[in-house]
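Peer 1:
Protein chains: 2
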Amino acid sequence: MRDHFEIRDHDAAGRIGELEVPRAGVTVETPALLPVINPNIETIDPGRLRSEFGADMLITNSYIIRTTDDLRERALEEGLHDLLGYDGAIMTDSGSFQLAEYGEIDVTTTEILEFQRDIGSDVGTPVDIPTPPDAGRERAESDLEATREALADAEAVDVGDMLVNAPVQGSTYPDLRERAGREAAATDLDVFPVGAVVPMMNGYRYDDMVDAVAAAKRGLDEDCPVHLFGAGHPMMFALAVALGCDLFDSAAYALMARDGRYLTVSGTEQLEDIDYLPCSCPICHEHTPDGLRAAADGERESLLAEHNLHVTFEEIRRVRQAIRDGDLLELVERRARGHPAMLDGYRALLDHVDRLERVDSASKGTFFGLSHESARRPEVRRHHDRLARLDVPDSLLCSEYGEPSDHAFDEVWRVVPPFGPFPRALSETYPLTAEVPDRTDAAAERAAAEGVRALAEANPDADITLAHRGWGADALAAVPESVTLEDLSETRA
Amino acid sequence: MRDHFEIRDHDAAGRIGELEVPRAGVTVETPALLPVINPNIETIDPGRLRSEFGADMLITNSYIIRTTDDLRERALEEGLHDLLGYDGAIMTDSGSFQLAEYGEIDVTTTEILEFQRDIGSDVGTPVDIPTPPDAGRERAESDLEATREALADAEAVDVGDMLVNAPVQGSTYPDLRERAGREAAATDLDVFPVGAVVPMMNGYRYDDMVDAVAAAKRGLDEDCPVHLFGAGHPMMFALAVALGCDLFDSAAYALMARDGRYLTVSGTEQLEDIDYLPCSCPICHEHTPDGLRAAADGERESLLAEHNLHVTFEEIRRVRQAIRDGDLLELVERRARGHPAMLDGYRALLDHVDRLERVDSASKGTFFGLSHESARRPEVRRHHDRLARLDVPDSLLCSEYGEPSDHAFDEVWRVVPPFGPFPRALSETYPLTAEVPDRTDAAAERAAAEGVRALAEANPDADITLAHRGWGADALAAVPESVTLEDLSETRA
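Residue numbers (my numbering), protein chains in the order written: chain A, 172 to 664; chain B, 172 to 664.
(1) To the nearest angstrom, how far is the alpha carbon of A559 of chain B from that of L190 of chain B?
(2) Give the single residue among A:R526, A:L229, A:N211, A:A226 whose Cα lies nearest to the Cα of D392 of chain A.
(3) Should A629 of chain A be flagged as near chain B, meaning a C-beta pair shorter than 8 Å?
(4) Q492 of chain B versus chain A: which residues are under 7 Å apart at the beta carbon?
(5) Which first and last residues belong to the alpha helix (DSSP H) in which T280 of chain B is found?
(6) Closest to A317 of chain B by C-alpha separation, out of B:D332, B:D329, B:P301, B:V328, would be which residue?
(7) Only counting the same chain, and skipping five residues up and downstream in sequence, which positions put a Cβ closer than 6 Å to that of L656 of chain A?
(8) V583 of chain A and E571 of chain A - do their beta-carbons sit closer together than 8 Å?
(9) Just to make sure I have the definition right: I need the residues of chain A whose C-beta is within less than 7 Å of the C-beta of V607 of chain B. Which are they?
(10) For G366 of chain B and D180 of chain B, I'd like the C-alpha separation in whole angstroms.
(11) Taking the C-alpha atoms as reference points, what is the distance between G641 of chain A and D658 of chain A?
(12) Please classify L558 of chain B: does DSSP put it in a helix, a strand, or coil?
(13) E504 of chain A touches chain B at which residues, Cβ-Cβ below 8 Å?
(14) What residue does the beta strand (DSSP E) around E574 of chain B start on, and which one ends it?
(15) Thinking just about the alpha-carbon of each residue, which of B:R389, B:A465, B:I487 is nearest to the one in V412 of chain B?
(16) According to DSSP, which residues form a beta bridge with E606 of chain B?
(17) Taking C-alpha atoms, which residue in B:A325, B:E354, B:V294, B:V328 lies nearest to M228 of chain B?
(18) Mind checking who A629 of chain A pairs with in its DSSP beta bridge?
(19) Please give the ranges of any beta strand (DSSP E) in the region 370 to 424 of chain A, keeping only runs that are unbroken, at least 3 residues long and fully inside the region.
(20) Run through chain A and tell me which residues come within less than 8 Å of C452 of chain B, C-beta to C-beta.
(21) Would you please state the rounded distance, in angstroms, between the beta carbons of S451 of chain B and C450 of chain A? I believe it to be under 8 Å.
(22) Considering only C-alpha positions, which residue in the set A:A387, A:A649, A:P564, A:Q441 is nearest to R348 of chain A?
(23) Report all residues from its chain with a CB closer than 7 Å to the CB of A664 of chain A; omit the five preceding and five following residues, and keep chain order.
(24) Taking only beta-carbon atoms, is D227 of chain B less than 8 Å away from chain A?
(25) Straight-line CA distance for P193 of chain A to G291 of chain A?
(26) Let's see if you can read the secondary structure: which residues bound the beta strand (DSSP E) around H458 of chain B?
(27) Take R310 of chain B as the anchor and find which of B:G341, B:D329, B:A402 has the nearest alpha-carbon.
(28) What's the C-alpha gap between S421 of chain B and L475 of chain B?
(29) Going by other Cβ atoms of all chains shown within 10 Å of its Cβ, with 16 needed for buried, is R350 of chain B buried or exposed?
(30) Check whether the Cβ of G259 of chain B lies closer than 8 Å to any Cβ atom in chain A.
(31) What residue from A:G401, A:L334, A:A465, A:L410 has the CA that sits closest to V436 of chain A's CA?
(32) For the putative contact between D361 of chain B and L334 of chain B, defined by C-beta atoms under 8 Å, what is the C-beta separation to the nearest angstrom?
(33) Under 9 Å between beta-carbons, which chain B residues line up against R529 of chain A? List them in chain order, please.
(34) Any chance the region 389 to 404 of chain B sits against the region 232 to 252 of chain B, with 3 or more Cβ pairs inside 8 Å?
(35) To which residues of the same chain is V368 of chain B closer than 8 Å at the C-beta, ignoring the five residues directly before and after it?
(36) I need the DSSP call for P338 of chain B, collapsed to helix, strand or coil.
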């Protein structure tokens, strides 16, 4: 058990948790967003991050501090918290990013962890090797071995009560990501960043990001707090949380602001293209687009950075609320419509339905049918698994139209796409309290047909009739021949 | 031509326009939201509506004023603007709502319009008959006749420079809605409310709302400003604007606040269920959920009303920006995932693709493939119409994989679901600059196959080969037999 992380609530593979950071004396509620502070360029005063934006944790780079003479001296003398003027928890990166970017750095895991400890970091990071996507297998494996050694070195350092990250690498090889996750979870380290996903996100490869995280999660234990390292665009928080990520960090808020870019939950806009501000944050409430454009460069950058942070933290709160309400997958549905690559990400998430099904709550908020993709949700899978275990009477009518006034069946069950049939006794239980569109779709009909098949195959001797509202050929092809079909769409429409 | 309404920009059937309200000396930019002010209960000081929320127009009820002694006297003496303390444009309702609710009112169109003129209303309303959904045909027709007479009476009143509403009724009968629209457009009245849609929205019948508005729009002229009367939930603005609605009015912000309800762009939450405020408006920025709950009743109601207005106006700005960016249908996609009934509404909108196609811009922002529904968008329809007019060489390869290094075809065209084939020369033109998911879907493949069919049927003598990425049976069934098929998904994957 990792006793500094406690899960309070969950939905899909997402959860609300509490990460205790003993050295800071701070408990960070997750999902959490850690603003990235470049110790050389302060876009927003770190002190304001906690009081105005609710950031209980931030992340800065100990490698930059160590290699910058005056920062190093001040950090060692005053401590990191005074240096930054921030009283929340501080995570420090190790220089792995610089290693990946420039090919070499002049510090070992032991040295950088001791330095992080000495400057008062609350969560330190060893020097892992971020292998980029699509690297050769051999390179990915040898990098992973170096990361494994870095984790072993990290375990040997006396870090006091500083928590330590155990990064999970493995490029785009699911088996390597899973193995790396298993090895990281076997250490006594504390927080588990999934690394080197930034190039995937920069390339809008959200489906690859999903597969990498899902593989890492298969290796990690459920009680491991997981950090999606370098992920700070609010567009993808819901998706990443639904996979089981707990921590995010954003340099995007500042980097985008520098380029005149304005974040939204469905993408990034150029300030110069905005005629109407689609936001009510204090910055957008008090300014017009022209007013923002007319501000002096530094002022504009800082205003944009504040907007970007507001929309980012707003989305973190929205994701937490969705977990509380049990409608996180509904939020993922909405975010999937922000960009085609996000839809790829959602479709990839649904490829991992078996894992989602295992960890998802059995009962939560009302299930909403919101798309063809909804038919692939874990709740549908779970209902079909249940159908395969249900006994039915000798003669059963499964009907989309409810019970006929006069019939000779032993029982009548309702049929609701995408779930399929269910006995009356289950109709008030989750997920069968679902709200689904009146105008159903082929995917929902097909899933309902698969439910009928599961039931019929589990009860080969039963005489089952299906009364449907004009299902398409694809759905009807999934119904076993033993089931009698009645198309009631014309007589009952 | 209706010279007080000018269309500045458009997308799908939605538009950004300017409604000149001469009596107020105010130009209202549309889409616009008119907060409803109950003259007896002021939840928010009307003066703040313009300065803080940007509301250039509000709506209040002249019938309530006329039947409340002290309000009537003050309105006649001071004028409506001083009575409310509001210097924007004021629209007044007539008592039709009370008529629908209580069955009778004691005022005629002529009387109420003269009263509205006398108290200084900027946009008046006759006494039309709001026929509820699913009313009998006979009733709907006789109500419509009464509304037609009310419009004729209204035309006869000397209203000075007050604009006058010409409501469009007709219950759930598309032909009556269309006829009512045609008759309203034939008057010299000014603004065109589509009436009696509130019961549809209260019943989450967004598809019926879509059909009613689409029918009314068929009868109205394109230059008629259209008011979706009683529609104030931000969830449905994008959908209604995409249909061609320009004005909305919200009593919801205040009524919901009274019941402790908190609006979002994807639905309504109970304040008591909220643990994290999913919003950054000034109210949500300065309060916690507990803080809001702990406020005194009146204070809480007023804070909630302000939040509700912020999120409402934010969505109006977002819709305008989407029209400017040419991605209004992408916003409709997102909003359709707020509730299954909104998805029904979007699916219903796509039933009117022919009309959308006629009014939509030929070129705009990048088309995003965001769902199975995207395959039914007007841009896809238009491309297929174009394919049916294109000439092809004697032998043509249509390929999802680009041009093979070695081939004997006269030409090679790209194939992109949901559009289908297109010649290289069109690949930089809208909508073929589309971004679509890598993980395509059956609906997109099927639409692409219909594109192939359109091309093949227009060129019966051409020798066409289709190289596809493993399309499903449904899509392949739509490809004519004359087309040679090559499944490259296994050799090229």
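No residue lacks a Cβ here, since even glycine has one placed at the ideal position from N, Cα and C.
Peer 2: So, from the data block:
(1) Taking the straight line joining both Cα atoms gives about 40 Å.
(2) Cα-wise, what sits closest to D392 of chain A is A:R526.
(3) Among the residues facing chain B, A629 of chain A is not included, as its CB has no counterpart in that chain under 8 Å away.
(4) Within 7 Å Cβ-Cβ: I445, D446, Y447, P449.
(5) That run of the alpha helix (DSSP H) goes 280 to 290.
(6) Of the candidates B:D332, B:D329, B:P301, B:V328, B:P301 places its Cα closest to the Cα of A317 of chain B.
(7) Contacts found: L637.
(8) The Cβ atoms of E571 of chain A and V583 of chain A do not sit closer than 8 Å to each other.
(9) In chain order, P511 make up the part of chain A whose C-beta sits under 7 Å from the C-beta of V607 of chain B.
(10) Computed Cα separation, rounded: 25 Å.
(11) Going from the Cα of G641 of chain A to the Cα of D658 of chain A covers about 5 Å.
(12) Note: L558 of chain B maps to helix in three-state DSSP.
(13) R508, listed in chain order.
(14) Careful: E574 of chain B lies outside any beta strand (DSSP E) and carries neither H nor E.
(15) The candidate whose alpha carbon is nearest that of V412 of chain B is B:I487.
(16) Answer is B:F539.
(17) Checked all of B:A325, B:E354, B:V294, B:V328; the closest Cα to M228 of chain B is B:V294.
(18) Beta-bridge analysis with DSSP links A629 of chain A to no other residue.
(19) Within the region 370 to 424 of chain A, the beta strand (DSSP E) runs of at least 3 residues that lie entirely inside it are, in chain order, 397 to 399, 418 to 421.
(20) By Cβ distance, chain A contributes S451, C452, H456.
(21) Rounded, the Cβ-Cβ distance is 7 Å, consistent with contact.
(22) Of all alpha-carbon atoms in A:A387, A:A649, A:P564, A:Q441, the one lying nearest the alpha-carbon of R348 of chain A is that of A:A387.
(23) Reliability fails at A664 of chain A, whose pLDDT of 47 lies under 50, so the model's placement of it is uncertain and the value that follows must be treated cautiously. Excluding residues within five positions, none has a Cβ falling inside 7 Å.
(24) Not an interface residue.
(25) Take the alpha-carbon of P193 of chain A and the one of G291 of chain A: they are about 12 Å apart.
(26) Premise fails: H458 of chain B is in no beta strand (DSSP E) and is neither H nor E.
(27) Ranking the options by Cα distance to R310 of chain B, first place goes to B:G341.
(28) Straight-line Cα distance between these residues: approximately 14 Å.
(29) With 16 or more Cβ atoms within 10 Å of its Cβ, R350 of chain B is classed as buried.
(30) Output row for G259 of chain B: interface = no.
(31) Comparing Cα-Cα distances from V436 of chain A to each of A:G401, A:L334, A:A465, A:L410, the minimum goes to A:L410.
(32) Contact between D361 of chain B and L334 of chain B holds, since their C-beta atoms are separated by about 4 Å, short of 8 Å.
(33) Ordered by position in chain B, no residue passes the 9 Å Cβ test against R529 of chain A, which lies about 23 Å from the chain.
(34) The region 389 to 404 of chain B, when compared against the region 232 to 252 of chain B, does not touch it at the 8 Å Cβ threshold.
(35) Same-chain partners within the cutoff: M380, A383, V384, L399, F400, G401, A402.
(36) Note: P338 of chain B maps to coil in three-state DSSP.
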